[in-house]
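Note that the sequence shown covers residues 7 to 136 in the working numbering.
Quick reminder that beta carbons are idealized off the backbone N, C-alpha and C, glycines included.
Keep in mind the model is a prediction, meaning the values are calculated, not measured.
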Amino acid sequence: MIQLINLPKIIDERGNLSFIEEENHIPFRIKRTYWIYDVPGGEIRGSHAFRNSEEFVVAISGSFDVVLHDGTNESKYSLNRSYYGLYIPRMIFRRIENFSTNSLALVLSSTEFDAEDYIRDFDLFLSLVK
Ligand code: TYD
Numbered sequence: 007m008i009q010l011i012n013l014p015k016i017i018d019e020r021g022n023l024s025f026i027e028e029e030n031h032i033p034f035r036i037k038r039t040y041w042i043y044d045v046p047g048g049e050i051r052g053s054h055a056f057r058n059s060e061e062f063v064v065a066i067s068g069s070f071d072v073v074l075h076d077g078t079n080e081s082k083y084s085l086n087r088s089y090y091g092l093y094i095p096r097m098i099f100r101r102i103e104n105f106s107t108n109s110l111a112l113v114l115s116s117t118e119f120d121a122e123d124y125i126r127d128f129d130l131f132l133s134l135v136k
């Protein structure tokens, strides 16, 4: 189930701290971490779904919108704090847009990179998800 997940936040005068533990704060084991940065204004990333990968996305810095489609409904999530993130199950079509200057999107994935896992064609996605 698509879910916004609050992460632990250790508030400290010296600066706050948050963290993520696999299978505790997020419902999968982390096989891979990647991040998206230096996104030029107006660009859109990630118009695709994954057959198998589950992901967890955090706006470590700045803000952006994650637009999700489950085959029936589209929903938009604005991520703009580093102490919560968005859990995206497998077989959800997503795009990330509206990146602020200097934003940093951290993505935790349940799988290693596999180009075969991508579904980039929205109509194919719709036919598979039904
Ligand atoms: P891609 O996931 O297609 O980017 P977008 O978020 O725009 O959909 O990845 C862009 C390129 O980077 C693509 O050629 C595959 C490569 N890539 C890897 O090699 N390893 C990875 O873990 C990821 C996420 C991408």
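Quick one: is residue i buried, meaning 16 or more other Cβ sit within 10 Å of its Cβ, or exposed?
i	result
Ile-16	exposed
Leu-10	exposed
Ala-55	buried
Gly-52	buried
Ser-81	exposed
Arg-20	exposed
Ser-109	buried
Whole angstroms is fine: what's the gap from residue i's alpha carbon to residue j's?
i	j	result
Val-135	Pro-95	13 Å
Glu-118	Arg-57	13 Å
Tyr-90	Tyr-124	25 Å
Asp-127	Ile-26	32 Å
Ser-88	Glu-122	31 Å
Pro-14	Ser-24	5 Å
Glu-29	Met-7	15 Å
Asn-12	Asn-79	23 Å
Skipping 5 residues on each side, what residues in its chain have a beta carbon closer than 6 Å to that of residue i?
i	result
Asp-84	The sequence as given places Ser at residue 84; Asp does not occur at that position. These residues qualify, in order along the chain: Asp-71.
Got a sec? Which residues, its chain only, sit under 8 Å from residue i by beta carbon, not counting five neighbours each side?
i	result
Pro-33	Glu-60, Tyr-93
Kindly list the residues whose CB is nearer than 7 Å to the CB of residue i, restricted to its own chain and excluding five residues on each side of it in sequence; keep chain order.
i	result
Asn-111	Here the sequence assigns Ala to residue 111, which means Asn is not the residue at that position. Cβ neighbours of Ala-111 beyond the five flanking positions: Trp-41, Ile-42, Val-63, Ala-65, Phe-70, Ile-102.
Throw me the rounded Cβ distance for the residue i and residue j pair, which I believe falls under 8 Å.
i	j	result
Gly-77	Thr-107	With a Cβ gap of about 33 Å, Gly-77 and Thr-107 do not count as contacting.
His-75	Ile-98	7 Å
Ser-116	Arg-35	6 Å
Val-45	Phe-105	4 Å
Can you pull the DSSP bridge partners for residue i?
i	result
Lys-15	Ser-24
His-54	Arg-100
Phe-70	Leu-85
Thr-39	Leu-114
Glu-80	His-75
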